[in-house]
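In my numbering, the protein residues as written are 17 to 156.
See the structure below:
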């Protein structure tokens with residue numbers, strides 16, 4: 017009888033261990049399924065967030081690119097405007113200098129000195145005019 021009781025206890029213990037193992041396996045399966053579902057949900061959320069952020073980033077890049085183009089255009093126009101003023105002022109200063117040189121040449125005592133000075137002045141005026149014309153052409 018003691019052997020029967022031991023066998024019965026062993027069967028009961030084995031049955032209990034089997035049930036516990038089956039319960040643990042079932043719970044493991046349930047938890048694994050929950051984890052899989054959570055991973056899928058989170059993956060979908062992450063994908064949506066990435067798409068939204070990518071769209072926003074693309075829009076921001078486009079807006080900033082447009083701002084940079086506008087800024088560059090404004091800087092270019094300001095630079096051209098300033099350069100035109102420099103060319104105009106340089107031309108005016110040169111004309112004043114040439115006029116002063118003409119007055120000084122007019123005071124020369126010999127005709128050949130007057131002619132040489134006027135030729136040099138005319139040459140300088142022609143070079144200055146060509147330079148100003150070329151500079152203005154580049155600044156259009």
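Using N, Cα and C, we set each Cβ at its ideal position, and we do this for glycine too.
- In this structure, residue 144 lies near residue 110, with their beta-carbon atoms less than 8 Å apart.
- Between the alpha carbons of residue 103 and residue 74 lies a gap of roughly 43 Å.
- Here the alpha carbons of residue 123 and residue 151 stand approximately 34 Å from one another.
- Annotation: residue 93 to residue 108 spans about 22 Å, alpha carbon to alpha carbon.
- Rounded to whole angstroms, the separation of the alpha carbons of residue 60 and residue 76 is 24 Å.
- Taking the C-beta atoms as reference points, residue 119 is found no nearer than 8 Å to residue 137.
- As the crow flies, the alpha-carbon of residue 65 is around 15 Å from that of residue 55.
- In the structure shown, residue 125 adopts coil according to DSSP, grouped into three states.
- Taking residue 106 as reference, the option from 156, 50, 88, 148 with the minimal CA-CA separation is 148.
- Taking C-beta atoms under 8 Å as the contact rule, residue 133 and residue 114 fail to qualify, at a distance of about 11 Å.
- Scanning 35, 29, 156, 30 for the CA closest to the CA of residue 96 turns up 156.
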